[in-house]
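Written out below as structure tokens is the structure these notes cover.
Number of protein chains: 4
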Amino acid sequence: MSVIKAAIVGGTGYTGVELLRLLSGHNGVEVRAITSRAESGTPVAELFPSLRGHYDLKFTAPDVEELAACDVVFFATPHGVAQAQVPELIARGVRVIDLSADFRLQDIPTWEAWYGQQHGCPELAAEAVYGLPEVNRTQIAGAQLIACPGCYPTAIQLGFLPLLEAGLIETSGLIANAASGASGAGRQGKTDLLFAENNDSFRAYAAGGHRHLPEIEQGLGRAAGTPVALTFVPHLLPMVRGIHATLYAKLKDPAAAGATQAALQSQFEQRYASEPFVDVMPAGSHPQTRSVKGTNVCRLSVMRPQDRDTVVVLSVIDNLAKGASAQAIQNMNIMFGLNENQGLESPALLP
Amino acid sequence: MSVIKAAIVGGTGYTGVELLRLLSGHNGVEVRAITSRAESGTPVAELFPSLRGHYDLKFTAPDVEELAACDVVFFATPHGVAQAQVPELIARGVRVIDLSADFRLQDIPTWEAWYGQQHGCPELAAEAVYGLPEVNRTQIAGAQLIACPGCYPTAIQLGFLPLLEAGLIETSGLIANAASGASGAGRQGKTDLLFAENNDSFRAYAAGGHRHLPEIEQGLGRAAGTPVALTFVPHLLPMVRGIHATLYAKLKDPAAAGATQAALQSQFEQRYASEPFVDVMPAGSHPQTRSVKGTNVCRLSVMRPQDRDTVVVLSVIDNLAKGASAQAIQNMNIMFGLNENQGLESPALLP
Amino acid sequence: MSVIKAAIVGGTGYTGVELLRLLSGHNGVEVRAITSRAESGTPVAELFPSLRGHYDLKFTAPDVEELAACDVVFFATPHGVAQAQVPELIARGVRVIDLSADFRLQDIPTWEAWYGQQHGCPELAAEAVYGLPEVNRTQIAGAQLIACPGCYPTAIQLGFLPLLEAGLIETSGLIANAASGASGAGRQGKTDLLFAENNDSFRAYAAGGHRHLPEIEQGLGRAAGTPVALTFVPHLLPMVRGIHATLYAKLKDPAAAGATQAALQSQFEQRYASEPFVDVMPAGSHPQTRSVKGTNVCRLSVMRPQDRDTVVVLSVIDNLAKGASAQAIQNMNIMFGLNENQGLESPALLP
Amino acid sequence: MSVIKAAIVGGTGYTGVELLRLLSGHNGVEVRAITSRAESGTPVAELFPSLRGHYDLKFTAPDVEELAACDVVFFATPHGVAQAQVPELIARGVRVIDLSADFRLQDIPTWEAWYGQQHGCPELAAEAVYGLPEVNRTQIAGAQLIACPGCYPTAIQLGFLPLLEAGLIETSGLIANAASGASGAGRQGKTDLLFAENNDSFRAYAAGGHRHLPEIEQGLGRAAGTPVALTFVPHLLPMVRGIHATLYAKLKDPAAAGATQAALQSQFEQRYASEPFVDVMPAGSHPQTRSVKGTNVCRLSVMRPQDRDTVVVLSVIDNLAKGASAQAIQNMNIMFGLNENQGLESPALLP
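This is how it looks when you write it as structure tokens:
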């Protein structure tokens with residue numbers, strides 16, 4: 001197959017540089033353009049010295065013709081941008097992988113309520129495929145527009161899916177206690193994201209309501225076949241990369257054969273037996289975020305402490321990789337019929 | 001009043017050096033002895049250069065006569081040590097404040113099951129007062145032996161107490177998702193506590209069962225007037241000091257007048273109105289662990305996200321301070337009739 | 001003596017909150033006002049939750065009458081601000097302690113060259129006393145305007161002084177390799193100060209020329225009695241507080257009796273024998289920045305590796321404390337005839 | 001070419017797991033064995049979960065037959081081990097790449113003085129090739145035994161070489177101020193390497209004399225054609241990976257044409273023009289350690305501050321990669337006639 005021509009819109013953020021890092025090792029793709037209004041003309045290797053020797057590209061102002069000449073365009077932009085630019089690309093036959101929140105929610109009023117603005121392109125939202133391969137692999141293969149899942153939603157959905165699909169847990173009273181490295185907040189010069197404000201400290205944020213909540217509930221509801229009610233509290237970790245989600249649910253029937261620790265372990269192993277990027281750890285394991293740093297892997301562990309009624313799932317991903325750019329490439333591989341692993345095979349950097 | 005003569009048994013760990021730091025600013029106390037078999041003869045300021053100029057003391061091998069000559073002895077030892085040494089001190093009229101787990105559990109078989117050894121002194125366990133001043137201030141004032149609460153138990157009990165005492169939440173299905181800085185694991189040369197193993201990473205541990213679970217359930221059960229069932233998952237943070245507990249409970253009657261966000265806020269404020277070291281933050285706040293670093297303060301926030309059935313409490317303390325040594329001094333102040341704030345008034349080091 | 005009335009101009013930065021933290025434990029001072037145009041009306045405890053329960057103050061817009069009613073005004077402002085506001089306060093008899101760079105350099109053209117603007121008040125620069133108590137204690141006692149030393153200059157001067165004053169080292173070819181925690185860069189929302197940009201990484205900055213260079217050379221030149229030539233390379237550490245300076249100089253006469261390791265040690269110990277805040281460590285020590293965290297202490301170690309011609313000095317301070325706010329309070333104590341230690345006696349927070 | 005059969009002796013440390021990580025992406029090599037007495041029988045993916053799915057290997061007790069059946073054996077062991085085991089492997093025709101210090105020094109008495117034991121194999125030390133490809137590429141290609149450079153020596157030599165080879169600087173009075181991430185201290189459970197002892201702190205160590213000093217001086221002396229005198233002070237950073245060396249030297253003739261900032265820049269660029277892993281940054285740059293994390297790259301910058309007599313070089317590497325395991329693979333690639341870049345092409349993980 002010939003090399004896929006790719007472009008990245010909005011390349012100065014962390015998901016942009018992560019796409020560049022990962023695609024530099026992907027033989028099947030050539031990055032033709034990377035856009036940024038603010039940095040137009042700047043070599044990407046000047047903004048990101050880690051890419052010196054890997055890319056000769058310069059940032060360019062967004063240009064539809066340049067993007068339309070590509071096979072695939074990644075949007076690594078704040079919400080609202082893709083809605084405006086994607087329709088023309090779709091119309092011209094380009095495949096689009098949107099890493100932003102623009103097309104993740106099927107229910108437009110919900111999107112508009114949580115994002116505080118009118119949705120610019122409801123008709124494409126209906127058409128977009130939610131890019132969680134572990135759920136939608138077939139649809140992804142045939143999609144023209146992918147809505148890549150958010151970072152928290154990826155970690156949390158992969159952790160709850162085996163339990164909800166098997167009907168083992170109550171669908172209300174779900175708890176997702178999650179924590180993210182600071183890169184999840186993006187590359188913006190905000191006072192409360194300073195090193196001196198966050199090192200050696202820890203805090204929750206948006207406990208009253210985070211924009212990822214409706215996305216997670218949408219996905220869990222599909223898995224359960226019924227609406228779910230989730231309490232989701234995100235936290236900010238004094239580290240750069242990684243999401244750790246600790247999930248709690250009440251067993252429907254604690255005495256059921258399928259509710260033993262061994263049965264739960266087996267349920268998880270079977271659910272993900274053929275998934276290349278979901279790793280169910282041995283019973284009793286506590287996955288570390290560093291074990292997935294830089295990779296597309298989600299590591300899971302399931303427990304039933306003291307054989308009580310509450311089941312606990314631990315789920316770790318790299319927020320910039322499986323939670324964003326690596327998962328976007330996994331989607332691209334599926335869309336273009338490549339080996340799903342291509343460009344995503346390196347183990348995590350540890351220590 | 002004359003100066004209180006104090007000794008510290010087991011002074012080479014983090015709670016030992018924290019006691020020394022805090023007592024150096026306490027006008028009413030003089031540290032007469034600090035023991036360590038391994039470091040006997042070493043000046044404390046050599047092991048802990050931060051204390052240069054503050055203490056001329058050397059570590060000494062434990063000596064009953066030396067300890068018995070003091071008014072109060074702090075045990076900053078691993079579990080099992082205080083059980084062996086405390087009885088003689090008690091018999092000789094010395095007051096003892098034990099920072100270890102030896103006398104925290106009233107139920108001896110439970111203690112023996114979780115700590116995997118026979119309890120050396122069950123009769124004193126019955127007599128010991130659990131040193132959480134917000135619950136037991138009166139008993140502490142008259143006690144000869146204080147069992148200082150563990151770090152997680154302090155943060156978690158203070159967060160749940162207002163809800164349980166008021167009967168607002170279900171007593172089963174309680175969730176305590178907590179995270180601690182690495183100093184909580186002590187000053188021991190273990191591979192999995194190395195800097196290179198923990199920086200820029202995050203993980204749960206002991207999710208299947210942590211020794212603080214029975215202590216927490218004991219305290220919550222007393223507050224509720226009935227046994228409770230808690231799921232407790234601790235995590236290890238890439239930072240030195242601080243505990244953050246995120247607590248989840250189901251409202252008994254979500255439609256009750258006492259269950260509104262405003263009523264919950266009011267409940268917390270009233271419960272702790274006269275407590276010098278519990279700070280209920282304004283509604284919507286997210287307390288940071290750094291805001292209590294080095295202090296005896298517990299900062300709390302209560303929320304009811306989306307007005308659903310689950311109430312969320314955020315609770316932060318410094319694990320070495322309110323979670324150990326500062327709370328021990330608060331107990332001492334109460335026991336000796338001093339101002340409860342004495343030696344504990346400095347604000348947190350921020351940033 | 002009656003309580004000193006103090007004000008802080010520019011209180012939203014890190015030196016401002018550090019002044020508040022330290023002054024809360026100083027019995028001889030009451031903070032009457034703290035100014036900030038941007039945060040006027042905001043309670044300081046809202047911006048800095050660590051101060052909840054310690055201050056009822058709100059930030060106010062700067063008001064000359066309010067400041068002039070105080071005994072002492074601290075300027076915790078960017079350079080250029082004090083030059084404009086100090087003259088009127090001085091004229092009205094207020095004592096001023098400026099933590100900024102405005103009055104540190106005696107040579108006005110040098111100041112103007114390094115700061116890229118005209119000096120607003122050259123006549124006061126001549127009158128200002130450089131607030132390094134270990135050099136200028138007597139002048140400080142009688143001063144009305146103090147120019148507090150910069151953070152790097154404090155650590156570096158205290159390290160070189162014993163060698164230069166004794167004429168033991170060459171005055172050219174001096175090397176100061178220093179590293180600072182991120183709080184030294186201030187509380188400003190700049191992209192390159194983000195947590196995600198600095199954690200788990202290290203870099204030099206301003207190696208071609210940093211504004212502290214002329215200040216350091218001015219001080220070292222005075223100590224040597226002749227101009228010196230220094231190469232100064234600062235670095236940014238992935239930590240919050242602390243400066244570590246590693247100093248290198250060539251011994252004038254390596255064979256001299258005063259140049260042995262023991263003689264150098266003795267030279268340092270004698271130079272600082274009566275200094276309350278300079279701690280010469282035992283020979284062979286490597287001071288850690290954490291050993292001075294939150295304190296006014298400078299810890300020093302001097303070595304002559306392999307008995308070669310180069311002498312090495314290690315010097316650590318807390319950049320926000322001895323490098324800024326604590327040293328400002330030390331100056332205030334001297335100016336007002338208080339015990340020099342007052343409010344500055346707590347040991348470092350360790351671990 | 002057929003696949004190279006490789007073994008790793010001493011695989012439980014950080015250079016061992018880094019070899020495994022990098023070799024998993026090297027198509028030309030298959031790891032046949034990895035030894036550890038202590039972990040014999042344990043799957044490597046159990047000790048290092050980041051390798052789950054990448055290796056089925058288990059640690060085995062060292063076995064000469066198993067090692068001798070390989071084409072190349074890497075020693076990732078403490079000093080002293082390779083000396084004992086290498087001779088037999090060499091005799092049997094196996095190529096050996098030793099990451100330890102055993103064969104780095106040509107002068108045996110110097111080795112014995114710094115390492116405090118008798119050298120077990122002086123005759124092989126004479127034969128071993130020092131594996132710094134930028135100096136010894138030709139000899140490496142024909143070598144049977146490679147002594148891989150230490151981490152500090154790699155960063156420091158690459159920084160000084162262009163200046164010494166061109167005779168631009170004095171060979172005495174050289175200063176190497178360097179700092180390393182904590183992974184450089186290895187994976188050993190020592191108290192002073194704990195997270196709680198090192199986070200948010202910084203210190204020098206071994207300032208009186210570090211074992212890498214004679215290795216560095218040996219290399220610099222060869223480059224200069226005359227013995228050099230270096231003062232080397234290492235420091236421990238609160239981060240995991242990375243070395244930053246800040247080098248200072250006195251220009252022989254500050255007025256020479258070759259001593260201008262532009263000429264120095266050009267000198268560096270020419271020296272490393274054809275080196276695949278040495279990146280001379282643009283004039284005025286400050287390389288960050290994170291820009292080389294996980295890679296075999298050394299990034300350099302050269303400056304002449306204020307056009308004075310001192311030249312400053314900034315040099316960054318990843319201590320576990322270019323400072324150990326990646327450089328070992330670069331050596332292997334050269335020895336076996338592979339593309340020197342093979343398996344070493346991924347950009348750094350940033351952020």
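Residue numbers (the UniProt record's numbering), protein chains in the order written: chain B, 1 to 351; chain D, 1 to 351; chain V, 1 to 351; chain P, 1 to 351.
From the three backbone atoms N, C-alpha and C, an ideal C-beta is built for every residue, glycine too.
Status (buried if at least 16 other CB within 10 Å, exposed otherwise) for residue i
| i | result |
| --- | --- |
| ALA257 (chain V) | exposed |
| VAL3 (chain B) | exposed |
| GLU215 (chain B) | buried |
| ALA113 (chain V) | exposed |
| GLN64 (chain B) | The sequence given here has Val at residue 64 (chain B), not Gln. It counts as exposed. |
| THR226 (chain B) | exposed |
| SER201 (chain V) | buried |
| SER40 (chain D) | exposed |
| PRO282 (chain V) | exposed |
| LYS322 (chain V) | buried |
| ALA91 (chain V) | exposed |
| SER183 (chain V) | buried |
Spatially closest choice to residue i from the options, by CA coordinates
| i | options | result |
| --- | --- | --- |
| ALA33 (chain P) | P:LEU19, P:ARG52, P:PHE59 | P:PHE59 |
| ALA185 (chain D) | D:GLN288, D:MET239, D:SER24 | D:MET239 |
| THR289 (chain D) | B:LEU236, B:VAL44, B:LEU105 | B:LEU236 |
| THR15 (chain B) | B:ASP102, B:GLY120, B:ASP98 | B:ASP98 |
| PRO287 (chain P) | P:ALA45, P:ARG308, P:ALA245, P:ASN333 | P:ALA245 |
| GLU66 (chain V) | V:TYR130, V:GLU46, V:GLN85 | V:GLN85 |
| LEU20 (chain D) | D:ALA38, D:LEU47, D:ARG37 | D:LEU47 |
Residue-chain proximity (residue i, chain P), Cβ-Cβ < 8 Å
| i | result |
| --- | --- |
| GLY187 (chain D) | Correcting the residue type first, residue 187 (chain D) is Arg in the shown sequence and not Gly. True, the Cβ-Cβ gap to chain P drops below 8 Å. |
| PRO227 (chain V) | no |
| PRO78 (chain B) | no |
| ASP56 (chain B) | no |
Test: residue i CB closer than 8 Å to a CB of chain B
| i | result |
| --- | --- |
| LYS5 (chain D) | no |
| TYR14 (chain V) | yes |
| ALA196 (chain V) | yes |
Chain V within 8 Å of residue i, Cβ atoms only
| i | result |
| --- | --- |
| LEU247 (chain D) | no |
| LYS252 (chain P) | no |
| ASN199 (chain D) | yes |
| LEU19 (chain B) | no |
C-beta neighbour in chain D for residue i, strict 8 Å
| i | result |
| --- | --- |
| PHE202 (chain P) | no |
| ALA141 (chain B) | no |
| GLY25 (chain V) | yes |
> Where in the UniProt domain "Semialdehyde dehydrogenase NAD-binding" (5-143) of chain B do unbroken runs of the alpha helix (DSSP H), each at least 4 residues long, occur, reported from the N-terminal end onward?
Replying inline: For the alpha helix (DSSP H) assignment, the uninterrupted runs of no fewer than 4 residues enclosed by the UniProt domain "Semialdehyde dehydrogenase NAD-binding" (5-143) of chain B are, from N- to C-terminal side, 14-23, 44-47, 64-68, 81-91, 108-115, 122-127, 133-141.
> If you pair each beta-carbon of the segment 321-328 of chain V with each one of the segment 290-306 of chain V, do three or more pairs fall below 8 Å?
Replying inline: Under the three-pair Cβ rule at 8 Å, the segment 321-328 of chain V counts as touching the segment 290-306 of chain V.
>> As an exercise, report each continuous beta strand (DSSP E) stretch of at least 3 residues that is fully enclosed by the segment 276-343 of chain V, in chain order.
In response: 278-280, 298-303, 310-317
>> Extract the residue ranges of the alpha helix (DSSP H) inside the segment 195-227 of chain V, only unbroken runs of 4 or more that lie entirely within it.
In response: 195-198, 212-224
> Do the segment 298-314 of chain V and the segment 170-178 of chain P meet, that is, are 3 or more Cβ pairs less than 8 Å apart?
Replying inline: yes
> Taking one C-beta from the segment 148-155 of chain V and one from the segment 131-138 of chain V each time, how about it: are there three or more such pairs within less than 8 Å?
Replying inline: yes
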